[in-house]
Amino acid sequence: MIISQLLASGGLWFNFDGTQILMDPGPGCIVQVNKRKLNPHELSAIIVSHRHLDHSADVNVMTEAMTDGGFRKHGIIFTRGTLLSRTQSCTATSEKASKVSEYLEAGKSWSVGNVSFTAPVRHVHMVENYGLIFKTKKHTIAYITDTRYFETLGSYYRGDLLMLNLTFMHPRTVPDRPVPRWTIFLSRMPNA
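Have a look at this one:
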């Protein structure tokens with residue numbers, strides 16, 4: 002999907018009563034933002050659910066855009082520490098925001114402007130990954146990003162609107178690649 006751009010990639014742009022948040026700025030985010038005439042200077046935060054490129058490829062360029070190339074210390078980046086430690090440039094870029102980073106972790110809550118959000122549970126994925134629940138004065142929006150299904154998944158994401166990021170419509174197995182043991186272990190954990 003990303004390579005062919007059959008559907009545009011680049012993340013989700015939320016505007017919660019004037020608080021604008023960019024979620025998972027994947028490949029082509031800056032192109033899609035300009036195409037839709039969105040203003041990155043108005044972003045209050047950038048959230049990266051996990052370090053896979055389809056969710057994080059444009060975090061540097063979007064941080065640059067949010068901060069006017071680093072001349073305006075502005076915004077907060079929410080992610081996992083592994084993303085920021087992955088490359089020197091990502092860490093340097095994130096330092097241009099008003100806070101270097103807030104680290105996502107299960108059960109923790111944050112607020113930006115007039116919206117609060119929480120990461121209710123760690124997802125079952127190849128890297129540490131979290132979906133979010135956003136709460137505004139009027140609505141609760143739940144966002145489930147990449148995860149292997151587990152029995153209690155739905156119970157963590159209650160709200161007025163549920164958004165699902167699906168990689169595949171049906172479960173897939175690759176004959177040469179069995180399900181990794183750690184995903185089976187994590188899916189059996191009560192707080193996985």
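The sequence shown begins at 2 in our numbering and counts up by one. Every residue gets a Cβ at the ideal spot worked out from N, C-alpha and C, and that includes glycine. From a predicted model like this one, the values you see are computed outputs, not experimental measurements.
Closest Cα partner of residue i within the set the options
i	options	result
Glu106	His124, Ser117, Asn115 and Val113	His124
Trp111	Thr141, His126 and Phe135	Phe135
Thr20	Thr146, Met127 and Phe118	Phe118
Leu8	Asp18, Asn16, Asn115 and Cys30	Cys30
Ile142	Leu165, Glu152, Arg149 and Tyr150	Leu165
Asn115	Gly12, Asn16 and Phe151	Asn16
Arg37	Ala120, Trp14, Lys138 and Ser5	Trp14
Lys138	Met67, Ser5, Val113 and Lys74	Val113
Phe79	Ser5, Ala120, Asn40 and Asp55	Ala120
Residue(s) in a DSSP beta bridge with residue i
i	result
Met24	Leu13 and Ile48
Tyr144	Leu133 and Met164
Arg123	Tyr131
Phe72	Partner(s): none; Phe72 has no beta bridge.
Val32	Paired residues: none, contrary to the question.
Tyr104	Thr80
Val113	Val116
Residue i classed as buried or exposed, judged by whether at least 16 other C-beta atoms fall within 10 angstroms
i	result
Gln33	buried
Leu133	buried
Asp18	exposed
Asp69	exposed
Asp161	exposed
Ser45	buried
Gly155	exposed
Phe72	exposed
His42	exposed
Leu23	buried
His140	exposed
Ser90	Residue confidence is low: Ser90 scores 47 on pLDDT, short of 50, so the model does not pin down where it sits. Its coordinate-derived value is still stated next. The residue in question, Ser90, is exposed, as its Cβ has fewer than 16 Cβ neighbours within 10 Å.
Gly76	buried
Thr153	exposed
Ile185	Summary for Ile185: the model assigns pLDDT 44, below 50, so the residue's position carries little reliability, and this model does not support an answer.
Residues of its chain near residue i, where Cβ-Cβ distance is below 6 Å and the 5 sequence neighbours each way are ignored
i	result
Val128	His51 and Arg52
Glu163	Note that residue 163 is Leu in the sequence shown here, rather than Glu. Taken in chain order, the residues that qualify are Ala143.
Val122	Ala107 and Tyr157
Thr146	Ser50, Gly132 and Asn166
For residue j and residue i, believed in contact at Cβ under 8 Å, the rounded distance
i	j	result
Val62	Val49	Rounded, the Cβ-Cβ distance is 13 Å, inconsistent with contact.
His126	Arg149	7 Å
Sequence-distant residues of the same chain with beta carbon closer than 7 Å to residue i, five excluded per side
i	result
Arg81	His51, Arg52, Tyr104, Leu105 and Glu129
Gly12	Leu23, Met24, Asp25, Pro26, Gly27 and Cys30
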